[in-house]
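Protein chains in written order, with the numbering used here: chain A, 232 to 520; chain B, 232 to 520.
From the three backbone atoms N, C-alpha and C, an ideal C-beta is built for every residue, glycine too.
Let me begin by presenting the structure, written as structure tokens, before commenting on it.
2 protein chains.
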Amino acid sequence: MVYGALEAGGTKMVCALGDENGKILEQVSIPTETPGVTLPKIVDYFKGKEIKSLGIAAFGPVDVDPESPTYGYITSTPKPGWADCNIKGYMEEALGVPAGFDHDVGGSLLGEATYGCAKGMKTAVYFTVGTGVGAGIMIDGHIHHGVACPEFGHILMRIHPEDNYKGFCVYHGSCLEGMACGPSIEERWGKPGKELKDNDKVWEIEAYYLAQACVTATVVISPEIIILGGGVMHQESLFPLIRKNVKEMLNDYVRSSATKDLDKYIVPASLNDDQGIMGCIKLAIDAVN
Amino acid sequence: MVYGALEAGGTKMVCALGDENGKILEQVSIPTETPGVTLPKIVDYFKGKEIKSLGIAAFGPVDVDPESPTYGYITSTPKPGWADCNIKGYMEEALGVPAGFDHDVGGSLLGEATYGCAKGMKTAVYFTVGTGVGAGIMIDGHIHHGVACPEFGHILMRIHPEDNYKGFCVYHGSCLEGMACGPSIEERWGKPGKELKDNDKVWEIEAYYLAQACVTATVVISPEIIILGGGVMHQESLFPLIRKNVKEMLNDYVRSSATKDLDKYIVPASLNDDQGIMGCIKLAIDAVN
């Protein structure tokens with residue numbers, strides 16, 4: 232049995248075929264232009280491959296409410312052409328198969344919870360830290376949505392005492408995304424993070440904000456694990472710094488089996504940046520079961 | 232059919248009888264001393280009343296994991312005598328009926344979600360702002376627990392620019408509870424909140440912190456409603472101030488049906504401070520169904 236997987240990102244569309252064990256059989260990447268140009272290319276890729284169903288994890292905001300008339304749409308994005316794009320409906324009609332649908336970071340969490348480091352867990356949080364910052368939350372084995380898609384990247388931050396940066400978010404300035412996304416590092420320090428690998432102050436400040444996000448996740452959600460993925464997290468020195476800050480910030484208040492060992496509680500994504508597309512395979516599998 | 236309800240607080244134990252519609256038939260209050268003194272008094276009250284089951288919402292930390300060996304215990308409280316108190320087991324054995332169990336603020340939320348302003352809703356957040364600050368979270372109709380009980384009162388705060396107060400929380404100083412609980416108002420201003428009703432600055436600062444809590448609840452949980460109860464919330468002027476701050480902080484970023492009308496989204500508790508005990512009636516009903 233072959234399943235289709237579509238990780239619909241703002242810069243590229245990753246299309247893949249997978250099997251029932253989440254194994255990626257083949258994979259291509261198509262640049263994200265306008266829907267009129269890009270969606271037919273995606274259809275061309277999947278056509279004739281005899282997929283049983285498709286799983287889509289899309290950049291947002293998306294409508295993930297199955298009872299909404301715009302379920303499966305990319306909704307109010309500023310990205311030219313993509314606002315109110317019925318990506319799920321388009322694919323289902325063009326390919327004649329059912330499609331599962333979630334937001335991008337929900338897909339990544341689903342990948343980790345099905346095939347990766349959160350396998351078997353019921354409650355988990357996955358942060359992506361890259362061009363933007365977002366989080367997927369799994370509660371009792373289901374990706375949490377609420378009324379609108381949660382926007383964890385926009386919690387307000389306590390400002391690091393040595394940080395004068397005003398923040399990258401056009402809506403909130405110094406929210407989590409504003410202070411910790413990849414572009415905020417570049418704007419704050421004058422060059423991109425990958426050229427700042429050995430500048431300890433950069434990562435001390437970055438870790439301070441990401442630790443606050445982990446503290447909020449801990450006291451609000453109380454998950455079994457917090458996974459951090461995305462481009463910024465390739466700076467591996469961040470992990471011990473985040474754990475150190477989390478320990479100081481929680482100050483031994485929360486006594487749960489999960490937070491006892493922070494090395495196992497706050498961890499990098501485990502699927503070599505395939506967590507998103509593997510989550511799409513799971514969405515496809517669930518769409519027919 | 233008569234159900235027993237026990238709202239087990241740190242200063243008093245409210246015991247009540249209720250019917251299947253959540254109606255309180257009678258109610259007494261017993262001071263919270265040591266378990267050896269207080270628990271037998273509670274049993275005496277319920278004995279002979281032919282209750283079908285009991286619902287307990289208790290001060291914490293409590294163990295709410297049905298698979299844990301200490302399920303139904305008050306666990307690591309500093310309150311003399313109450314640490315590791317198996318309150319659920321004690322009551323079940325003494326009264327010979329099954330007991331439902333949750334933490335106190337979960338009980339209040341359950342009351343509002345069953346009989347009050349959140350009736351029929353699936354996703355809701357209830358903050359209690361009094362001696363401490365805590366929150367109950369309902370997701371897909373169930374009170375959320377996670378690994379340990381969430382401790383929403385301990386999210387870190389951005390400090391109000393005119394506030395020099397260091398915070399009341401012995402663990403975190405300036406967390407939500409540290410900056411917004413009743414005792415923090417008294418310590419900051421030199422007298423209790425009820426003597427500061429007309430001091431606008433007091434409530435402007437209080438609203439700034441409670442608004443941050445509402446923003447975090449909104450972007451992390453995306454609920455249909457946020458209910459604020461507890462003693463501090465009897466200062467009714469807080470509600471418009473909180474909504475104003477939330478509007479500014481969200482800055483039109485979140486576009487959900489829930490946040491469109493903040494007057495209906497951020498609301499006072501609706502059950503005349505009976506939400507906790509009415510939630511216990513629901514816990515009792517659920518314990519036999």
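In terms of DSSP beta bridges, what is residue i paired with?
i	result
ILE457(A)	VAL356(A) and ILE497(A)
PRO309(A)	Looking at the DSSP assignment, PRO309(A) forms no beta bridge with any residue, so it has no partner.
GLN258(A)	ALA247(A)
GLY374(B)	Here the sequence assigns Ile to residue 374(B), which means Gly is not the residue at that position. The partner list for ILE374(B) (beta bridge, DSSP) reads MET369(B).
VAL293(B)	ILE305(B)
CYS406(B)	LEU387(B)
CYS316(B)	ILE305(B)
CYS400(A)	GLY404(A)
On the criterion of 16 or more Cβ atoms from any shown chain inside 10 Å, does residue i qualify as buried, or is it exposed?
i	result
GLY267(B)	exposed
ASN476(A)	buried
ASP504(B)	exposed
GLY319(B)	As written in the sequence, residue 319(B) is Lys, which differs from the Gly given in the question. Classification of LYS319(B): buried, given that the 10 Å Cβ count is 16 or more.
MET232(A)	exposed
SER453(A)	buried
GLU382(A)	buried
ARG486(A)	exposed
LYS280(A)	exposed
GLU408(A)	buried
LYS278(B)	exposed
ASP294(A)	buried
ASP429(B)	exposed
SER260(B)	exposed
GLU455(B)	buried
GLU323(B)	buried
ASP483(B)	exposed
VAL364(B)	buried
ASP333(B)	buried
GLY421(A)	exposed
What does a CB cutoff of less than 6 Å around residue i pick up in its chain, not counting 5 residues either side in sequence?
i	result
THR490(B)	TYR496
ALA247(A)	ALA236, ILE255, GLN258 and ILE508
SER468(A)	TRP434
GLU238(B)	VAL245, ALA288, GLY507, ILE508 and CYS511
THR242(A)	THR263
GLY312(A)	THR265 and PRO266
ASP371(B)	LYS353
ASN340(B)	Going by the sequence as given, residue 340(B) is Leu instead of Asn. Hits under 6 Å: TYR357, GLY367 and MET369.
SER488(A)	none
Where do the ends of the beta strand (DSSP E) carrying residue i lie?
i	result
GLU238(B)	234 to 239
GLY249(B)	243 to 249
GLY286(B)	285 to 289
ALA366(B)	364 to 370
For the alpha helix (DSSP H) that contains residue i, what are its first and last residues?
i	result
MET388(B)	Run containing MET388(B): none; DSSP gives neither H nor E here.
ILE508(B)	506 to 519
ASP431(A)	431 to 452
LEU481(B)	469 to 481
GLY413(B)	413 to 420
LYS274(B)	It should be pointed out that residue 274(B) corresponds to Val in this sequence rather than to Lys. Residues 266 to 277.
Kindly indicate if chain D contains any beta-carbon less than 8 Å away from that of residue i.
i	result
GLU435(B)	No chain D is part of this structure, whose protein chains are labelled A and B.
Ordered along the chain, which non-local residues of its own chain (more than five positions away) have a Cβ less than 8 Å from that of residue i?
i	result
ILE473(B)	ALA438, LEU441, ALA442, CYS445, LEU459 and ILE497
ILE416(A)	PRO423, GLY424, LEU427, VAL433, GLU437 and VAL463
LEU493(A)	ARG474, VAL477 and LYS478
VAL360(B)	ALA411, CYS412, GLY413, LEU441, LEU459, GLY460, GLY461, GLY462, VAL463 and MET464
ALA314(A)	ILE305, THR306, SER307 and THR308
TYR234(A)	LEU248, GLY249, ASP250, GLU251, ILE282, LYS283, SER284, LEU285, GLY286, ILE512, ALA515 and ILE516
For residue i, which residues of its own chain have a beta-carbon under 7 Å away from its beta-carbon, when the five flanking residues on both sides are left out?
i	result
LEU502(A)	GLY342, GLU343, TYR346, GLY347 and MET509
PRO292(A)	THR306, SER307, THR308 and CYS380
SER405(A)	MET388, ILE390, LYS397 and GLY398
GLY338(B)	GLU238, ALA288, GLY507, GLY510, CYS511 and LEU514
LYS310(A)	GLY241
PRO329(B)	SER284, GLU323, ALA518 and VAL519
GLU523(B)	This structure cannot speak to residue 523(B), because chain B is shown only from 232 to 520.
Would you say the beta carbon of residue i comes nearer than 7 Å to a heavy atom of the ligand FMN?
i	result
VAL378(B)	No copy of the ligand FMN appears in this structure; indeed no ligand is present at all.
Start-end ranges of the alpha helix (DSSP H) lying completely within the region 320 to 352 of chain A, minimum 4 residues: 335 to 346, all fully within the region 320 to 352 of chain A.
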